[in-house]
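J.: Got a structure for you, questions after.
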Ligand SMILES: [Zn+2]
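Residue numbers (this note's numbering): 263 to 579.
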């Protein structure tokens, strides 16, 4: 009797302890960590629906997000705790921290579209901190608005590249002549802003070369040829944050989590593509906020950062 009684007490105690443990675990649970897509996603899906879509035709560089950069309270994803050796101070990039830098020696090409904006100086600060170079596909009238930042892009060794003067899809894709005229206007704008002919002969089509305004892949050929003939190489992209396509956030994640998920998903799909070209918009606060984490991830994987001007040929998606 006495034994059975003490047995019952033990059972009750064990049950209470179990509940306590479960409760503590639930309370202490961190925000969802992104899955290791590297390991879990199969590859060679070159046209999967999660691929970054082309920019919406209505997207304009002036469509600045209205949120203040300080608005995200708890959305910041936490750092992967296993990546930081204990001896290292936190927040310091450590290019050698990866246990298994699977992409050692490969290059990734960082590209920033639609600026320069008032967020671009912060992007330049971050790139300097991580010793990374990037290509800025700039819009002429934004260069007019931010000439000092345009000059800083060049002065700090990045590529000041062309994303047309107007970014007005209806106007620039009316004809190949209209597109070349707009590109020429961009070049004149850059020359005036920076003080010399600082524009690279590297161009990205607003909306990408597959956008429907120029007839998708079928229609792009004369346009790409005309731009090549004018002396510019053309670059689309393959990985990115989907930061010009928030409509893709069907799970209603906090924006910064959606951007990170887009990055990891597209990376998993295209990581073996050559060249690997990452698109980010320096118009969006969350993108700038996420940039250090993206750079740390790429560095940990063993990547180096290249400028698209090093590439011999166009890259068309
Ligand atoms: Zn654009």
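A virtual CB, placed ideally from N, CA and C, is assigned to each residue, including glycine.
Could you tell me if residue 512 is buried or exposed, where buried requires 16 or more neighbouring beta carbons within 10 angstroms of its beta carbon?
T.: Position 250 of the chain shown, counted from the first residue, corresponds to residue 512. Flag for residue 512 reads exposed.
J.: What residues in its chain sit with their C-beta under 7 angstroms from that of residue 563, if we drop five residues either side in the sequence?
T.: Start at 1 with the first residue of the chain shown, and residue 563 comes out as number 301. 360, 363, 364, 365.
J.: Which of the three DSSP states is assigned to residue 540 in this structure?
T.: In the chain shown, counting from the first residue as 1, residue 540 sits at position 278. If DSSP states are grouped into helix, strand and coil, residue 540 belongs with the strands.
J.: Taking the straight line between their C-alpha atoms, what separation do you get for residue 568 and residue 432?
T.: On the chain shown, position 306 is the one that residue 568 refers to. On the chain shown, position 170 is the one that residue 432 refers to. Distance between the alpha carbons of residue 568 and residue 432: 32 angstroms.
J.: Does the separation of the CB atoms of residue 405 and residue 538 fall below 7 angstroms?
T.: On the chain shown, position 143 is the one that residue 405 refers to. On the chain shown, position 276 is the one that residue 538 refers to. No, the Cβ-Cβ distance between residue 405 and residue 538 is not below 7 angstroms.
J.: Between residue 468 and ligand 1, is there a pair consisting of the residue's CB and a ligand heavy atom that are separated by less than 6 angstroms?
T.: For the purposes of this step, residue 468 is taken as residue 206 along the chain shown, with counting starting at 1. Yes - ligand 1 has a heavy atom lying nearer than 6 angstroms to the Cβ of residue 468.
J.: Out of curiosity, what's the CA-to-CA distance linking residue 335 and residue 475?
T.: Residue mapping note: residue 335 aligns to position 73 of the chain shown, counting from 1. Residue mapping note: residue 475 aligns to position 213 of the chain shown, counting from 1. Residue confidence is low: residue 335 scores 36 on pLDDT, short of 50, so the model does not pin down where it sits. Its coordinate-derived value is still stated next. Between residue 335 and residue 475, the C-alpha separation is close to 39 angstroms.
J.: Could you check if residue 376 is buried or exposed, using at least 16 other CB atoms within 10 Å of its CB as the buried criterion?
T.: By 1-based counting over the chain shown, the position of residue 376 is 114. Taking all protein chains shown into account, residue 376 has 16 or more neighbouring C-beta atoms within 10 Å of its C-beta and is therefore buried.
J.: By how many angstroms is the C-alpha of residue 399 removed from the C-alpha of residue 548?
T.: As a position in the chain shown, residue 548 is number 286, starting the count at 1. As a position in the chain shown, residue 399 is number 137, starting the count at 1. Going by the C-alpha atoms only, they are around 19 angstroms apart.
J.: Would you say the beta carbon of residue 375 comes nearer than 6 angstroms to a heavy atom of ligand 1?
T.: Taking the first residue of the chain shown as position 1, residue 375 is located at position 113. Residue 375: yes, Cβ under 6 angstroms from ligand 1.
J.: Under 6 angstroms Cβ to Cβ from residue 532, same chain only, skipping five residues before and after it: list those, please.
T.: Numbered from 1 along the chain shown, position 270 holds the residue referred to as residue 532. Its chain contains 500, 501 as the residues whose beta carbon lies nearer than 6 angstroms to that of residue 532, once the 5 sequence neighbours on both sides are disregarded; these appear in chain order.
J.: Compute the distance between the beta-carbons of residue 464 and residue 570, then report whether it is under 7 angstroms.
T.: The residue given as residue 464 occupies position 202 in the chain shown. The residue given as residue 570 occupies position 308 in the chain shown. Against a cut-off of 7 angstroms, the Cβ pair of residue 570 and residue 464 comes out as a contact.
J.: Between the segment 465-472 and the segment 507-527, can you find at least three pairs of beta-carbon atoms closer than 8 angstroms?
T.: no
J.: Rank 460, 374, 408, 556 by C-alpha distance to the C-alpha of residue 416 and give the top, closest one.
T.: Numbered from its first residue, the chain shown carries residue 416 at position 154. Out of 460, 374, 408, 556, 460 has the C-alpha closest to the C-alpha of residue 416.
J.: Given this structure, state the Cα-to-Cα distance separating residue 536 from residue 372, to the nearest angstrom.
T.: In the chain shown, residue 536 corresponds to position 274, counting from 1. In the chain shown, residue 372 corresponds to position 110, counting from 1. Going by the C-alpha atoms only, they are around 13 angstroms apart.
J.: So residue 527 is in the alpha helix (DSSP H); what residue range does that whole segment cover?
T.: The sequence position of residue 527 within the chain shown is 265, counting from 1. First-last of the alpha helix (DSSP H) with residue 527: 517-532.
J.: Under DSSP, the beta strand (DSSP E) around residue 369 begins and ends at which residues?
T.: Indexing the chain shown from 1 puts residue 369 at position 107. 369-375 is the span of the beta strand (DSSP E), which, as asked, contains residue 369.
J.: Would you decide whether residue 367 is buried or exposed? Buried here means 16 or more other CB atoms lie within 10 Å of its CB.
T.: For the purposes of this step, residue 367 is taken as the residue at position 105 of the chain shown. With fewer than 16 Cβ atoms within 10 Å of its Cβ, residue 367 is classed as exposed.
J.: What runs of the alpha helix (DSSP H), each 4 residues or longer, lie entirely inside the segment 417-502?
T.: 431-434, 438-456, 478-491
J.: Report the three-state DSSP secondary structure of residue 564 (helix, strand or coil).
T.: For the purposes of this step, residue 564 is taken as the residue at position 302 of the chain shown. It is coil, neither helix nor strand.
J.: In the structure shown, what three-state DSSP assignment does residue 577 receive?
T.: As a first step, residue 577 must be located in the chain shown, where it is residue number 315. Residue state, collapsed to three classes: strand.
J.: Relative to the C-alpha of residue 486, which residue among 480, 496, 478, 477 is closest?
T.: Translated into the one-based positions of the chain shown, residue 486 becomes position 224. Among 480, 496, 478, 477, the Cα nearest to that of residue 486 is on 496.
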